[in-house]
Structure formats: C-alpha cells, structure tokens
Amino acid sequence: MSAKLERLGETLRTALGDMLRSVVTDRGEVSIEVLAADYLQAAQILRDHADLQFEQLIDVSGLDYSTYGNAPREGGRFAVATHLLSIKYNWRLRLRAFAEDDAFPVLDSLVGVWPSANWFEREAFDLYGIMFSGHPDLRRILTDYGFVGHPFRKDFPVSGHVEMRYDPEAGRVVYQPVTIAPRENTPRIVREEHYGDVGHG
-9 MSAKLERLGE
1 TLRTALGDML
11 RSVVTDRGEV
21 SIEVLAADYL
31 QAAQILRDHA
41 DLQFEQLIDV
51 SGLDYSTYGN
61 APREGGRFAV
71 ATHLLSIKYN
81 WRLRLRAFAE
91 DDAFPVLDSL
101 VGVWPSANWF
111 EREAFDLYGI
121 MFSGHPDLRR
131 ILTDYGFVGH
141 PFRKDFPVSG
151 HVEMRYDPEA
161 GRVVYQPVTI
171 APRENTPRIV
181 REEHYGDVGH
191 G
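For the sequence shown, the working numbering assigns the number -9 to the initial residue and increments by one for each residue that follows.
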C-alpha cells in the first residue's frame, strides 16, 4: 500500500471514529463502510473535515447482494456505493452503507450534502427499489412511471406476461399481453454467380 493511501486510511479512522465499520484498500482504491444510521453524518464529515475535503460526488450506485459470489450472503441485501473525490488532496473514496430492511430498503439522501446525488439516487430507486429519505423528488428516471418492479433486482423476472409499448393514440406507454408474431425463418445463402463451376474461381 502506498504512503498516500495509508495516510488516507489513518485520516478516515481519526475523522469517523466509531462510525467506521471497515476500511479496505485493494488495487489502489480505498473503500469504507458505515451503518445506515451513520451514512448521512459520515458523508458530511467526509465533505467538511479539513484533512479530507471530499467536495465532489462522482456517482451513487445501487447494489443487490442477494446472491453474492453465487452463494447466499450473510447480512443486508441492498446497499449503495457512493464514489467521492477530494480535489484538494487528489483522493478517491468509495463509501458503502447497507439498508437495514431488505423488504423496504431505505437510506438517507445525500442531496443536501452533494446536490449531484439527485439523479444517481433516483436511478438507484428506479432500478433497485432503494428509497432515499429526504430526497426532494424521488421519481423513476429510466423506466415508465407505471412500471411495476425494479429491473436490477436479482429476483426480477426476465420474462413475463405483459409487454409495454408507446401508444401514439393514447400518447403514453401502455401495457398489454405479450404478443409473439409468427414468423418463418428461411435460411438464405448468397453466393457468387458461378460459385463451384469448373474453370471458374
């Protein structure tokens, strides 16, 4: 581990204290984990602490650990990984927190700390069903408003009994029973005009 990353790890331990559940340095990256109850406070410390100054949020990713490594995982199922950048110190950090309730996963919104979290949190809500308490406008961002379910959950069905399409007459997306149009697949072979003739080629 480089001296720079070692210094970051020590600074994180000092700044976050008992909130810090783990610090992992792997492949030149530092990842930390905090409890859901400490997620918002930890984010504020990471932004405001004079020796850290993670002033830029790069991304918030939803995570579903229902079958992590092809085996059931102990602990929470849904988490978010928040990727941060300290421009002053040229440090990158991954902050992870697990939602306490798998049936209704909720974490605090970080929009008040980093406004750029807004659309990332909406994406995590839309695709994973993770709710963000205090978010100013938590609506779907990639799927239709009437869409049922969350596509990136590992238990989301890949095929079903309804399909959606845009209906120009209704002016909106509509759901209807799955239709499979019959079609005939005829192999088509394209060859040169004199392919296989003796004397040509």
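For glycine and all other residues, C-beta sits at the position ideal for the given N, C-alpha and C.
Can the beta-carbon of residue 68 be found closer than 8 Å to that of residue 118?
It is a contact, given that the beta carbons lie within the stated cut-off.
Where does residue 1 fall in DSSP's three states?
Here residue 1 sits in helix by DSSP.
CA-CA distance, residue 165 and residue 22?
Each residue's Cα considered, the two are about 42 Å apart.
Give me the Cβ distance between residue 129 and residue 112, rounded to the nearest whole Å; I'm assuming they're in contact under 8 Å.
The Cβ separation is near 6 Å, so the contact holds.
Among the candidates 115, 93, 125, whose CA atom is the shortest distance from the CA of residue 137?
The residue with the shortest Cα to Cα distance from residue 137 is 115.
Put residue 69 into one of helix, strand or coil per three-state DSSP.
Of the three classes helix, strand and coil, the one that applies to residue 69 here is strand, per DSSP.
If you follow the beta strand (DSSP E) that residue 166 is in, where does it begin and where does it stop?
Start and end: 162 to 167.
Hey, is the stretch 75 to 85 in contact with the stretch 101 to 110, meaning 3+ C-beta pairs nearer than 8 Å?
Counting Cβ pairs under 8 Å, fewer than three are found: no touch.
Residues bridged to residue 231 by DSSP?
Since the first and last residues shown for the chain are -9 and 191, residue 231 lies out of range.
Considering only C-alpha positions, which residue in the set 18, 4, 9, 7 is nearest to residue -7?
Per the Cα distances, 18.
Among 56, 38, 66, 71, which residue has its Cα nearest to the Cα of residue 49?
Out of 56, 38, 66, 71, 71 has the C-alpha closest to the C-alpha of residue 49.
I'd like to confirm the pairing. Which residues does DSSP put opposite residue 121 in its beta bridges?
Answer is 96.
Can we say the stretch 41 to 57 touches the stretch -5 to 8, given the rule of at least three CB pairs closer than 8 Å?
At 8 Å Cβ cutoff, the stretches touch.
Helix, strand or coil for residue 81 per DSSP?
Strand, per DSSP.
Assuming contact is defined by CB atoms lying nearer than 8 Å, are residue 92 and residue 29 in contact in what I supplied?
Result no, Cβ atoms of residue 92 and residue 29 do not sit closer than 8 Å.
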